[in-house]
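Read the structure below first, then the notes.
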Amino acid sequence: MSTEQNRQEGGLNRMTPARRAQQSIPEDGGAAPERASGSRSDDVPDFGDAVVVAIDGPAGSGKSSVSREAARRLDFEFLDTGAAYRALAWHGLDTGLDFADENAIVDALDGFDYSIGTDPESYSVWVGRTEVTAAIREPRVTGQVSAVAKVPEVRRRITLLFRRIIGETRKAGIIVEGRDITTVVAPTAGVRILLTASEEARMARRSREVTTQSAEATGQALRSRDRADSQVVDFMNAADGVTLLDSTHLDFEQTVDAVIAEVRTSRARADHGTGHARR
């Protein structure tokens, strides 16, 4: 069966080989997320028995690639939350949205048919019947991401979507990465990590990823994105209970290993605590 046939059957919630989570963006139900300075939003659901690993970090910290590889090695699911905001920005560009009009951005959610894979081996992002996995990484989309991500109502409704996807995890765990996962989306996660690196290291990494821009343009875009997003969420400082992982002097493999080690340590600690409680 083709990928497109799979998308048209079964509501897109469970896919083979990739599991895709597609939900309409909720309109209500749940308090608006606060600015993530360490405070948590209300009504955080119980995510059940699955191990939830929350990873935050600034642009260029490597959180997406590291999280995806760690999830693959642990046989966990993987959720790239930034893809939702990127896909909404892509959708806005495709439909001629006025990004200066916050009400128009909120209204755009009603026609935003979004689905994303949670299998790290087969990751894809769709808007309607269009696969946008690569398109949402284009500079023109990056330039508008903050415009949609800074709108409180957009963040509130998309946060509810993320929580729903986390709650439907079928594997033993899920790694969720973004900017406010440890503090707003999943502050009750069993493992919470802030992955960071020096600005120089982050600029170098992003320059290697974006081959259509000069290093100077890439650096400017990174700083601009961080400035804009920092008005909404604090992704540069670890909140209470969040493990700080500085990858400035670590390569990719070392960073993945460090994340996996933290997950295993936290799980062992939790299992040990449960054992004591039973005795």
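Here the sequence shown is numbered in numbering that gives the first Met the number 0, starting from 0 and rising by one per residue. Note that the Cβ used here is the ideal one computed from N, Cα and C, for glycine as well.
- In the three-state reduction of the DSSP assignment, Ser114 falls in the strand class, which pools E and B.
- The C-beta distance from Leu108 to Arg156 rounds to 6 Å, short enough to meet the 8 Å contact threshold.
- Separation of Asp256 and Ala269 (C-alpha to C-alpha, rounded to the nearest whole angstrom) is 20 Å.
- When Gly177, Thr195, Gln253 are compared, the shortest CA-CA separation from Ser63 is found for Gly177.
- Rounded to the nearest whole angstrom, the C-alpha separation of Gln219 and Pro138 is 12 Å.
- Separation of the CB atoms of Ile164 and Leu73 is rounded to 18 Å, and the pair is thereby denied contact status at 8 Å.
- In the structure shown, Arg169 adopts coil according to DSSP, grouped into three states.
- Taking all protein chains in view, the Cβ of Pro186 is crowded by 16 or more other Cβ atoms within 10 Å, so the residue is classified as buried.
- If you compare the alpha carbons of Ser121, Gly47, Asp245, Gly81 with that of Leu193, the shortest gap goes to Asp245.
- Taking the C-beta atoms as reference points, Ile180 is found no nearer than 7 Å to Ala260.
- Per DSSP, the continuous alpha helix (DSSP H) segment holding Glu68 begins and ends at 62–73.
- Its Cα nearest to that of Val184, the residue Phe161 stands out among Met202, Phe161, Ile104, Gly172.
- Exclusion of the five residues before and after Val43 leaves Arg162, Ala185, Pro186, Thr187 as the residues of its chain whose Cβ lies within less than 8 Å of its Cβ.
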